[in-house]
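Just so you know, we're using this note's numbering here: the sequence shown kicks off at 21 and counts up by one. Cβ coordinates follow ideal geometry from the N, Cα and C atoms, glycine included.
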Amino acid sequence: MEAVQDGILILNARTGKISDVNSSLTAMLGHSRAEIIGKKIWEQETLKEIAESREAFKKLQLGSIRCEDLPLQTKDKRSISVEFISNIYSVNGVKIIQCNIRDLTERKKVEQEKEKLIAELIAALTKSKTLRGVLTICSYCKSIYDGKGSWKKVEQYIRENSEANFSQEICPRCMKIFHPNEKREKGDEKPKGRDNRRFITFN
Numbered sequence: 021m022e023a024v025q026d027g028i029l030i031l032n033a034r035t036g037k038i039s040d041v042n043s044s045l046t047a048m049l050g051h052s053r054a055e056i057i058g059k060k061i062w063e064q065e066t067l068k069e070i071a072e073s074r075e076a077f078k079k080l081q082l083g084s085i086r087c088e089d090l091p092l093q094t095k096d097k098r099s100i101s102v103e104f105i106s107n108i109y110s111v112n113g114v115k116i117i118q119c120n121i122r123d124l125t126e127r128k129k130v131e132q133e134k135e136k137l138i139a140e141l142i143a144a145l146t147k148s149k150t151l152r153g154v155l156t157i158c159s160y161c162k163s164i165y166d167g168k169g170s171w172k173k174v175e176q177y178i179r180e181n182s183e184a185n186f187s188q189e190i191c192p193r194c195m196k197i198f199h200p201n202e203k204r205e206k207g208d209e210k211p212k213g214r215d216n217r218r219f220i221t222f223n
């Protein structure tokens, strides 16, 4: 009993009286052995959730029981979630019930955090818009077909189907064609390590 990390509780199957308990369970519940041993399971403050009445105890007397998410309250009023497994067998002609109790509180906390992270990721992916596939674009005006019967300007189509936006600027090539007399501003030379594109923003 003392070699395992799970809490172990031994009951008399006829009376429901607790005959033994290991240190893992006393540490889990915050009670001393003296506060647990000798009491009937429905009389012990913390363990009464397992068998709140004699009627509930009859289920334990019937044989093996497994509960994967049983809430318990420790001596210092903390709520913990445990896995509860009980088996009944005979020792020297006396039927006993062995209850194995495993604290799942930390594991459930990790699972909840994982589920929250997945939900946030799904929400982010749902909100995000990414352009995929082949886009049909006009060879002349460069409008894009939206697949619903309409042709839209590139800026409009990308705004509606992605998270991108646009600012109005003029590239060096168009600057020479449409604004040949525009003087270059001081400090507007080509930066080192970058290409020769130059942008001028107009209000």
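Tell me which residues share the same chain as residue i and place their Cβ nearer than 6 Å to its Cβ, disregarding the 5 neighbours each side in the sequence.
i          : result
residue 59 : 38
residue 21 : 28 and 42
Consult DSSP for residue i and reduce its assignment to one of helix, strand or coil.
i           : result
residue 114 : strand
residue 194 : helix
residue 73  : In this prediction, residue 73 has a pLDDT of 49, which is less than 50 and means its spatial position is unreliable; what the coordinates show is noted afterwards. Looking at residue 73 - three-state DSSP - the assignment turns out to be coil, as it is neither helix nor strand.
residue 106 : strand
residue 129 : helix
residue 29  : strand
Applying the 10 Å Cβ sphere with the 16-neighbour rule, what's the burial state of residue i?
i           : result
residue 112 : exposed
residue 194 : exposed
residue 132 : exposed
residue 33  : buried
residue 177 : buried
residue 119 : buried
Indicate whether residue i and residue j have their beta-carbon atoms separated by less than 8 Å.
i           : j           : result
residue 103 : residue 126 : no
residue 61  : residue 36  : yes
residue 25  : residue 52  : no
Report all residues from its chain with a CB closer than 7 Å to the CB of residue i; omit the five preceding and five following residues, and keep chain order.
i           : result
residue 175 : 186
residue 130 : none
Take residue i and list the residues in its own chain whose beta-carbon comes closer than 8 Å to its own, dropping the five residues that flank it on each side.
i          : result
residue 68 : 61 and 62
Mind reading off the beta-carbon distance from residue i to residue j? Whole number of angstroms is fine, and I expect it under 8 Å.
i           : j           : result
residue 101 : residue 128 : 5 Å
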